[in-house]
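Residue numbers (our numbering): 2 to 310.
Every residue gets a Cβ at the ideal spot worked out from N, C-alpha and C, and that includes glycine.
Small disclaimer: the values here were computed from a predicted structure and weren't measured.
First up is the structure itself, then whatever we jot down about it.
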Amino acid sequence: MGDSVEIPDNMPQPQEVYLDQLEILKGILKVKKELHISFTIENKPVENNHLKGTMLDRLKANSPYNLFFTTIPKSPDTSKEQNAITFTDLLCPSLGKLKCSLQINFMIDIDWLLKQYKARNLHEKPLTILYGDDWPDMVEFMNRFCPNVKYHFVKMKDPFGCHHSKVGVYVYEDNSVRIVISTANLYYEDWNHYNQGLWVSPVCPKLPEGSTEKDGESPTGFKEHFLKYLQTYNLGILKEWIEYVKNADFSQVKVALVYSAPGKYYPNSNGNHLHRVASLLSKHCNLPKKMTPNSEGPLSWGIMAQASS
């Protein structure tokens, strides 16, 4: 939200209403960044409890769901849980020898992020970032001090949309791939003060020579949908990452991917998360019949939903 925005003339409310709302959002983001700055003294990588074994050990122990949560330093008990990890755990050598990585996120503090890589002696490995919010002097910092970092600021066409994806793609020396999808921005506060969730994929080996991108598909179609998600950006900076994914075997990935992208969508089209969820539920969810002759059945059930930033 660093640049000025133009409000389209065809919006239903007066332009002043939207400008006021944008000012409120800017204020919220400013507070978050000021909070981050106040924690710079503590801003150092957090090592996890070594008694729990390597990250690969924990990944096997948490199979098949592969769900993890971030540790909270001020709540020491969180570091003792088998499914609690820090960012540096995602870079554990037990997962593979890292070749390069891609981080797609909303808010990225590049200084904090590179310190996490440095803790594993990986700070000089090629890193590509896509981000949706510009930190002060971030581009100047990367141009001066981060020769291994490629970057792209994702600016939304809609003044009220924001680039909120939180995805990591890790490529290893053997060209195998691992995907991490989380709820956390890449800065100190999100990884140390809040309990964030992460899904970590199994390693996806490189396909044999001569394979096509349709080979190595997941039983849930994860590979196809992840490729379509990356392709919606239409960015040259992602071409090599799309190729890595095309050439990887996702057959051991047993979860379905739901993503959203800007645009107008209809049922059975890609890119709209609500239509996608409806399709998945229709295919895989069998509702029970009426429990008694007088019950209203599943149609009477309430629905719990959450919608937030």
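Which class does residue 302 belong to by DSSP, given the choice of helix, strand or coil?
coil
Ignore the nearest five residues each way along the sequence and tell me which others in residue 277's own chain have a CB closer than 7 Å to its CB.
259
Compute the Euclidean distance between the alpha carbons of residue 199 and residue 62, then round it to the nearest angstrom.
15 Å
Is it the case that the Cβ atoms of residue 131 and residue 153 are separated by a distance below 7 Å?
yes
Same chain, Cβ closer than 8 Å to residue 231, neighbours up to 5 away in sequence not counted:
239, 242, 243, 246
For the alpha helix (DSSP H) containing residue 146, name the first residue and the last one.
139-146
Please state the DSSP three-state secondary structure of residue 134.
strand
Decide if residue 59 is buried, meaning its Cβ has at least 16 other Cβ atoms within 10 Å, or exposed.
buried
Would you mind sorting residue 41 into buried or exposed? The rule is 16 or more other CB atoms within 10 Å of its CB.
At residue 41, the pLDDT of 46 sits below 50, so the modelled position is not reliable and the matter cannot be decided from this model.
Residue 95 and residue 129 closer than 7 Å at C-beta
no
Hey, could you find the ends of the beta strand (DSSP E) residue 182 is sitting in?
178-183
Going by DSSP, name the residue or residues bridged to residue 157.
Answer is none; residue 157 lacks a bridge partner.
Which residues in the same chain as residue 70 place their Cβ atom closer than 8 Å to its Cβ, once the five residues preceding and following it in sequence are excluded?
79, 82, 84, 85, 86, 196, 197, 198, 199
Where residue 179 falls, given that 16 or more other Cβ within 10 Å makes a residue buried:
buried
Output yes or no for whether 7 Å exceeds the beta carbon distance between residue 208 and residue 222.
no
Just how far apart, CA to CA, sit residue 189 and residue 136?
13 Å
If you drop the 5 nearest sequence neighbours on each side, which residues of the same chain put their C-beta closer than 6 Å to that of residue 286?
none
Looking at the unbroken alpha helix (DSSP H) that takes in residue 232, where does it start and where does it end?
223-233
CA nearest to the CA of residue 224, picked from 253, 235, 8:
253
Is it buried or exposed, residue 293, if we count other Cβ atoms within 10 angstroms and call 16 or more buried?
exposed
Candidates 261, 182, 282: which alpha carbon is nearest residue 66's?
182
Three-pair Cβ contact test at 8 Å for the stretch 104-119 versus the stretch 140-150
yes
When you compare the CB positions of residue 177 and residue 201, do they come within less than 7 Å of one another, or not?
no
Anyone know if the C-beta pair for residue 108 and residue 138 falls short of 7 Å?
no
Is it right to say residue 156 is buried, meaning 16 or more other beta carbons lie within 10 angstroms of its own, or is it exposed?
exposed
Locate the alpha helix (DSSP H) running through residue 201, then write down its first and last residues.
That residue, residue 201, is in no alpha helix (DSSP H); its beta strand (DSSP E) goes 198-201.
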